[in-house]
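**Student:** Just passing along the structure, written as structure tokens.
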Amino acid sequence: MKPFRCPTADGVTIDGALFPAVAPERGVVVLAHGLPTAGPSPEAAADEGYPGLARRLTALGYTTVLFNFRGTGASGGHLEIDRWPDDLGAVLDHLDRSPERRSRYGVVGFSAGGAAAILRSAADERLDPLITMAAPADYGFLPLNTNVAQWFQLYRELGMIREGYSGTPESWAAGFERVRPDRAIGSSRARRLAIVHGTADDLVPVAHAERLAAAAGGRAEKILISGGIHQMRRDERAVAVLVDLLKRLVPAGGDGGA
């Protein structure tokens, strides 16, 4: 594992790590995480997290990149969901300056990370293929408007809205309203696009996948996993689907599409 740090255009430092392929390299894949949960789940003790998934992909020949969006982990800034697409762009800029430089990178976005990736791909052709896992079409499913102050305080207590945040609870919540993957996916510059969703997702209903696929205008491959849950990296069937997509969509030779 090779840690790295890179700046965004607005001066936030993004913390990440690169996991080199341990088999003949097939390409570079960037994993974009979802919105952190408020507390540990019953499965947390046995969960290897995204590093565990990264190691599985490296064994298959994919150099894999993990990073923390602003406001999460060791990255700087605050949890500002509408700036997450900029963070992903900063990571790709970092890769462009590294020995792992490619013309295009495979990007796998989970939940909120998938939403950020869709928005980024509307202005950035480097995301290709783009695979979303349980991504929302919008954030209307979150009950932020029921008690904005309570949600804002929760994320303060979780350390994701940090000292020095200059906005208000209302301006923070408005950031979620500005993230509309359903409006951006039709303009995605990814030539290879896949939408994966579980039919038993109890956070982001499967109807979001249907909306995204419809908004993509037939360009996206839609895969629904019967009984699949929201945290798809914990579902072996979803991981198998992801691996198959990478094998099919990332061209042989290691470049994302040059």
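Numbering of the sequence shown is given in the working numbering, commencing with residue 1173 and proceeding in unit increments.
For every residue, glycine included, the Cβ atom is placed at its ideal position computed from N, Cα and C.
1) Is it buried or exposed, Gly1188, if we count other Cβ atoms within 10 angstroms and call 16 or more buried?
2) Which residues in the same chain as Asp1375 place their Cβ atom closer than 6 Å to its Cβ, once the five residues preceding and following it in sequence are excluded?
3) What did DSSP end up calling Arg1177 once you bin it into helix, strand or coil?
4) Between the C-alpha atoms of Gly1285 and Glu1342, what's the straight-line distance to the nearest angstrom?
5) According to DSSP, is Tyr1327 part of a helix, a strand, or is it coil?
6) Where does Ala1430 fall in DSSP's three states?
7) Between the C-alpha atoms of Leu1232 and Asn1240, what's the straight-line distance to the nearest angstrom?
8) Count the other CB atoms within 10 Å of the CB of Asp1182; is the residue buried (16 or more) or exposed (fewer)?
9) Buried or exposed for Ala1295, please, with buried defined as at least 16 other CB atoms from any protein chain shown within 10 angstroms of its CB.
10) If distances are taken between C-alpha atoms only, which option among Glu1252, Gly1278, His1250 comes closest to Val1263?
11) So Arg1242 and Ile1186 are in contact, right, with Cβ under 8 Å, and what is the actual spacing, rounded?
12) With DSSP collapsed to three states, give me the class of Val1279.
13) What are the start and end residues of the alpha helix (DSSP H) that includes Gly1353?
14) What does the alpha-carbon distance come out to for the pair Ala1388 and Cys1178?
15) State buried or exposed for Ala1362, treating a residue as buried only when at least 16 other CB atoms are found within 10 Å of its CB.
16) Can you grab the Cα-Cα spacing for the pair Thr1180 / Pro1223, in whole Å?
17) Counting pairs of beta carbons, one from the stretch 1399–1413 and one from the stretch 1337–1354, are three or more of them closer than 8 Å?
18) Look at the alpha carbon of Leu1267 and the alpha carbon of Val1200, and state the distance between them as a whole number of angstroms.
19) Starting from the C-beta of Pro1196, find all residues in its chain whose C-beta is less than 6 Å away, skip the five residues before and the five after it, and write them out in chain order.
20) How many Å lie between Val1237 and Val1202 at the Cα?
21) On the three-state DSSP scale, how would you describe Gly1206?
**Tutor:** Checking against the coordinates, here is how it stands:
1) It is buried - the Cβ of Gly1188 has at least 16 other Cβ atoms within 10 Å.
2) The identity of residue 1375 in the sequence shown is Leu, whereas the question assumes Asp. Excluding positions up to five away in sequence, the list reads His1402.
3) Strand, per DSSP.
4) Approximately 22 Å, taken between the alpha carbons.
5) Helix.
6) Any reading at Ala1430 needs caution, since the residue's pLDDT is 40, under 50, leaving its predicted position unreliable; the model's value is listed next. The answer is coil: DSSP assigns Ala1430 none of H, G, I, E or B.
7) If I take the Cα positions, the gap works out to 23 Å.
8) Counting other Cβ atoms within 10 Å of its Cβ, Asp1182 stays below 16 and is therefore classed as exposed.
9) When all chains shown are included, Ala1295 counts as exposed.
10) Among Glu1252, Gly1278, His1250, the Cα nearest to that of Val1263 is on Gly1278.
11) In this structure, Arg1242 and Ile1186 form a Cβ contact; the two beta carbons are roughly 7 Å apart against a cut-off of 8 Å.
12) Per DSSP, reduced to three states, the secondary structure at Val1279 is strand.
13) The sequence given here places Pro at residue 1353; Gly does not occur at that position. Pro1353 -> alpha helix (DSSP H) spans 1353–1356.
14) Answer to the nearest angstrom: the Cα atoms are 31 Å apart.
15) Flag for Ala1362 reads buried.
16) When rounded, the distance between both Cα atoms is 23 Å.
17) When Cβ pairs closer than 8 Å are counted between the two stretches, the stretch 1399–1413 is seen not to touch the stretch 1337–1354, the count staying below three.
18) Near 10 Å, if we compare the C-alpha coordinates of Val1200 and Leu1267.
19) Around Pro1196: Gly1233.
20) Val1237 and Val1202 have their C-alpha atoms some 5 Å from each other.
21) Residue state, collapsed to three classes: coil.
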